[in-house]
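**Student:** Here the protein sequences line up with chains V and Y, keeping their order.
When the letters of the first sequence are read in order and numbered with this note's numbering, they come out as residues 24 to 228.
When the letters of the second sequence are read in order and numbered with this note's numbering, they come out as residues 24 to 228.
Think of the CB as a built atom: it goes at the ideal place given N, C-alpha and C, for glycine as much as any other residue.
First, the structure itself, so that you have it in front of you.
Protein chains: 2
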Amino acid sequence: MIPRRHQAIVSPPGAAASGWPPPGAAASGWPPPGVVVILVPMLIRDATAGDWPAIWPFMRRIVEAGETFSWDRDLTEERARAFWLHEPPGRGRTVVAVDPAGTIVGTAETHPNHGGPAAHVASAGFMVDPGHGGRGVGRALCEHVLDQARADGYRAMQFNAVVETNTRAVALWRSLGFEVLATVPEAFNHPVAGYVGLHIMYRRL
Amino acid sequence: MIPRRHQAIVSPPGAAASGWPPPGAAASGWPPPGVVVILVPMLIRDATAGDWPAIWPFMRRIVEAGETFSWDRDLTEERARAFWLHEPPGRGRTVVAVDPAGTIVGTAETHPNHGGPAAHVASAGFMVDPGHGGRGVGRALCEHVLDQARADGYRAMQFNAVVETNTRAVALWRSLGFEVLATVPEAFNHPVAGYVGLHIMYRRL
């Protein structure tokens with residue numbers, strides 16, 4: 024049995040031979056006729072320095088787009104790497120999501136949101152290769168990060184800057200138990216939508 | 024005429040000879056009998072590397088106390104300096120408040136709260152030497168920082184972690200136009216009060 028968090032649901036063409044859904048599943052009305060669903064094992068593991076060359080191309084693309092991340096759009100690779108790839112002995116952690124072909128399709132990092140007397144609240148960042156989006160990679164990464172943060176002794180997790188037009192992410196975080204504590208008005212200058220709000224999202228662990 | 028922002032109100036013993044309050048002021052009922060009020064010019068200027076030895080002793084005392092700052096309580100001087108003393112060409116600014124005797128009694132730093140598409144919202148930090156508290160130094164620093172941030176083109180200012188038990192600071196920020204956007208529950212472990220909330224405070228510029 025593949026642990027739940029290592030599964031992502033996809034429906035690529037030609038997947039009918041996978042034997043899924045099982046007989047009788049169609050009686051529920053889902054999936055609709057002609058749609059098949061397969062389970063793809065998705066490995067979430069600690070990132071290593073050697074993963075960086077596979078992370079940077081899609082990270083750069085996401086940051087340059089300037090639609091979802093509050094980072095300088097011309098961020099250098101060196102600074103991005105220093106921010107993202109946490110190394111011991113700090114409390115930061117970085118993981119990657121690897122598909123069955125061995126391709127890194129996403130990454131996440133976790134760190135204390137503040138220091139000292141406030142270091143029991145974690146924050147996290149997520150990047151999924153846009154070429155591999157919509158498959159549940161972000162959900163798998165977040166479920167892993169939540170479990171890990173709990174194991175690491177954090178009491179809550181806070182996202183400081185979720186762009187309100189990034190509705191897919193907002194819906195995903197909500198479905199994983201996060202609520203919007205506040206929306207900082209006009210705090211993000213979206214290249215198409217203009218000034219939009221940044222949600223501060225939170226959940227206990 | 025001393026600019027408003029360079030004044031702080033204090034009432035030290037022996038100040039009666041200052042000629043303040045002016046004749047007739049007592050008719051308003053304030054200050055009460057026996058209390059005198061003097062105006063002390065407080066210079067707010069850009070910090071230099073040479074100011075650091077005067078800043079670090081009270082900063083260290085504040086951080087070690089662990090009651091108001093979300094920093095590691097054993098933060099090294101080197102890291103504190105790197106965080107606090109901004110240098111060109113970055114957008115961060117650091118100022119000090121200097122009393123008439125030439126003593127540095129407080130300091131503030133300002134920086135973009137996030138990067139790239141969110142870099143138009145500033146954040147700021149304030150430290151007032153506890154030995155010089157209650158004189159309006161924090162207010163003078165904040166008024167300066169707000170004016171400077173406006174001049175620098177920021178559209179708003181956000182404080183990410185105002186400890187809710189730091190009621191004097193909360194009242195001061197409110198009086199300067201900040202509102203509490205949200206309170207992150209139990210996000211700060213106060214050495215006496217235990218887990219208390221962290222206010223996220225905000226004002227447009």
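#1: Per DSSP, V185(Y) forms a beta bridge with which residues?
#2: Quick one: Cα of W107(Y) to Cα of F92(Y), how far?
#3: Any beta carbon of chain Y sitting closer than 8 Å to that of V215(V)?
#4: Using a Cβ-Cβ distance cut-off of 8 Å, determine whether R114(V) contacts chain Y.
#5: Name the residues in the region 138 to 156 of chain Y whose C-beta lies less than 7 Å from a C-beta of chain V; which are they?
#6: What does F201(Y) touch in chain V if you count any residue whose Cβ is under 9 Å from its own?
#7: Measure from the C-beta of G89(Y) to each C-beta in chain V and report whether the shortest distance is under 8 Å.
#8: So for G89(V), helix, strand or coil by DSSP?
#9: Within the same chain, show all residues whose beta-carbon is closer than 8 Å to that of H213(V), passing over the 5 residues directly before and after it, in chain order.
#10: Which residue or residues does DSSP assign as beta-bridge partners of N136(Y)?
#11: What are the boundary residues of the alpha helix (DSSP H) that A205(Y) is part of?
#12: Roughly how many angstroms separate the alpha carbons of P233(V) and E101(V), rounded to a whole number?
#13: Is it a yes or a no for the region 108 to 126 of chain V touching the region 160 to 169 of chain Y, going by three-plus beta-carbon pairs under 8 Å?
#14: For E202(Y), I'd like the list of residues in its chain whose CB is within less than 8 Å of its CB, leaving aside the five on either flank, ordered along the chain.
#15: Whose C-alpha, out of R197(V), A194(V), T190(V), is nearest the C-alpha of A216(V)?
#16: Whose Cβ in chain Y lies nearer than 8 Å to the Cβ of A131(V)?
#17: Using a Cβ-Cβ distance cut-off of 8 Å, determine whether L221(V) contacts chain Y.
#18: Taking the alpha carbon of R175(V) as the reference point, which residue from E209(V), G156(V), T133(V) has its own alpha carbon closest?
#19: Within the same chain, show all residues whose beta-carbon is closer than 6 Å to that of W79(Y), passing over the 5 residues directly before and after it, in chain order.
#20: G115(V) by DSSP, collapsed to three states: which one?
#21: Name the DSSP beta bridge partners of V121(V), please?
#22: Can you tell me where the beta strand (DSSP E) holding A72(Y) begins and where it ends?
#23: Name the two residues that bound the continuous beta strand (DSSP E) containing V58(V).
#24: Leaving out five residues on either side along the sequence, give the residues of the same chain with a beta carbon under 6 Å from the beta carbon of E87(V).
#25: State the Cα-Cα distance for the pair R104(V) and T130(Y), rounded to the nearest angstrom.
#26: What's the call for A72(Y), buried or exposed, on a 16-neighbour Cβ count within 10 Å?
#27: Looking at C-alpha atoms only, which residue of T206(V), P153(V), P112(V), H109(V) is the closest neighbour of V128(V)?
#28: Measure from the alpha carbon of G138(V) to the alpha carbon of each residue in G159(V), R114(V), V160(V), then state which is nearest.
#29: So which of G57(Y), E209(Y), R173(Y) has the shortest CA-CA distance to R116(Y)?
#30: Would you list the residues sitting across from A145(Y) in a DSSP beta bridge?
#31: How big is the Cα-Cα spacing for A70(V) and E110(V)?
#32: Run through DSSP, which three-state label would G156(Y) get?
#33: Determine which residues share a DSSP beta bridge with M150(Y) and list them.
#34: Taking C-alpha atoms, which residue in Q171(V), R178(V), V151(V) lies nearest to V144(V)?
#35: In whole angstroms, give me the CA-to-CA distance for V19(Y) and M65(Y).
**Tutor:** Considering the structure as presented:
#1: H222(Y)
#2: 13 Å
#3: no
#4: no
#5: G138, G139, P140, A141, H143, V144
#6: By Cβ distance, chain V contributes nothing, its closest Cβ being about 13 Å from F201(Y), past 9 Å.
#7: yes
#8: coil
#9: G89, E90, V186, T188, V219
#10: In DSSP, N136(Y) forms no bridge with anything.
#11: Here A205(Y) belongs to no alpha helix (DSSP H); instead the beta strand (DSSP E) covers 202 to 213.
#12: Absent from the structure is residue 233(V), since the part of chain V shown begins at 24 and ends at 228.
#13: no
#14: M224, Y225, R226
#15: T190(V)
#16: Correct list: empty, because the minimum Cβ distance to chain Y is about 19 Å.
#17: yes
#18: Checking the sequence shown, residue 175(V) turns out to be Asp, not Arg. That would be T133(V), whose Cα lies nearest to the Cα of D175(V).
#19: E100
#20: coil
#21: L66(V), I127(V)
#22: Run containing A72(Y): none; DSSP gives neither H nor E here.
#23: First-last for V58(V): undefined, no H or E at that position.
#24: R96
#25: 32 Å
#26: exposed
#27: P153(V)
#28: R114(V)
#29: R173(Y)
#30: P135(Y), M180(Y)
#31: 10 Å
#32: coil
#33: T130(Y)
#34: R178(V)
#35: Only positions 24 to 228 of chain Y appear in the structure, and residue 19(Y) is not among them; the question remains open.
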